[in-house]
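These notes are about the structure you will find just below.
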Amino acid sequence: MQAGDTCYIREGIYHETIELYETHGKFTSPITFKAYKNENVVLDGTELIKTNWKKYKGDIYKAKIKKDIWQLFVDKKSMTSARWPNGNWYDGSVWDKTKSMAWPEKEKSSYGHHFNKELALINEDLTGAIILVNSGSFKTFKSNVIEHSPNTDNFKYDTKR
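Sequential numbering of the sequence shown, starting at 8, is according to my numbering.
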């Protein structure tokens, strides 16, 4: 292909990797990729997870997979990683910070040690969980819970970054 060319893509859902080497358009004559007239084209970067999903409890399922993933879709809806408090992309609740963030009890909490009375309702050991810490304006980072016991109101997280 060369500057000014148009590549028409026929209808379908494409999962392939598209690699273009030494392909250059110009500002005034770009190389264009577009759907063939009146046809629907989807370039889909997802991969089907072919494994045996098992019900863990309630509406929670689990499976062993060989690849690291950073996004999961079920019936074309983006799923949210397990989190507390709960919040979902598909219904927009993840954006409601009054409900989807665990605010620390300021009198008890300190850097590396989070207290919240609602934690005591969780009958799971959160040690090893990944957390996102918002420790002030524009100070957000990922960490790991290094100490927690079920039904307690606090956990400690790793402060080494």
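Even for Gly, the Cβ is constructed at its ideal location relative to N, Cα and C.
Report the option in the options whose CA atom is closest to the CA atom of residue i.
i: Lys115; options: Phe162, Thr87, Lys84, His155; result: Phe162
i: Leu79; options: Ser88, Trp110, Lys73; result: Ser88
i: Leu133; options: His155, Met86, Glu18, Arg17; result: His155
i: Ser117; options: Ser142, Trp96, Tyr97, Gly94; result: Ser142
i: Tyr28; options: Met8, His120, Ile20; result: Met8
Exposed or buried, residue i, counting other C-beta atoms within 10 Å across all chains shown (16 or more means buried)?
i: Ile31; result: The residue you asked about is not Ile; residue 31 is His in the sequence shown. By the neighbour-count rule (16 or more Cβ atoms within 10 Å), His31 is not buried but exposed.
i: Leu139; result: exposed
i: Leu50; result: exposed
Can you give the Cα-Cα distance for residue i and residue j, rounded to whole angstroms?
i: Lys167; j: Lys104; result: 26 Å
i: Lys124; j: Val81; result: 33 Å
i: Ala42; j: Gly52; result: 17 Å
i: Val48; j: Lys69; result: 32 Å
i: Tyr164; j: Ala127; result: 17 Å
i: Glu54; j: Thr24; result: 11 Å
i: Lys106; j: Tyr97; result: 15 Å
i: Gly99; j: Asn93; result: 11 Å
i: Glu26; j: Phe40; result: 13 Å
i: Met86; j: Cys14; result: 34 Å
i: Asn95; j: Tyr21; result: 27 Å
i: Pro111; j: Ile129; result: 16 Å
i: Lys84; j: Met108; result: 22 Å
i: His120; j: Glu131; result: 18 Å
i: Trp102; j: Ile153; result: 27 Å
Less than 8 Å between the CB atoms is what I'm expecting for residue i and residue j, so what's the real figure, rounded?
i: Gly135; j: Asn158; result: Actually they do not touch by this definition, with Cβ atoms about 17 Å apart.
i: Asp160; j: Phe122; result: 6 Å
i: Gly90; j: Glu46; result: A small correction: the amino acid at residue 90 is Arg; Gly does not occupy that position in the sequence shown. Wrong, their Cβ atoms sit about 39 Å apart, outside the cutoff.
i: Thr58; j: Ile67; result: 16 Å between Cβ atoms; not a contact.
i: Lys146; j: Ile137; result: Wrong, their Cβ atoms sit about 17 Å apart, outside the cutoff.
Taking 6 Å as the line, does the beta carbon of residue i fall inside it for any heavy atom of the ligand NAD?
i: Lys57; result: With respect to the ligand NAD, the structure offers nothing, as it holds no ligand at all.
Using 8 Å as the threshold, is the region 62 to 79 in touch with the region 27 to 42, meaning 3 or more CB pairs across them? No contact exists between the region 62 to 79 and the region 27 to 42.
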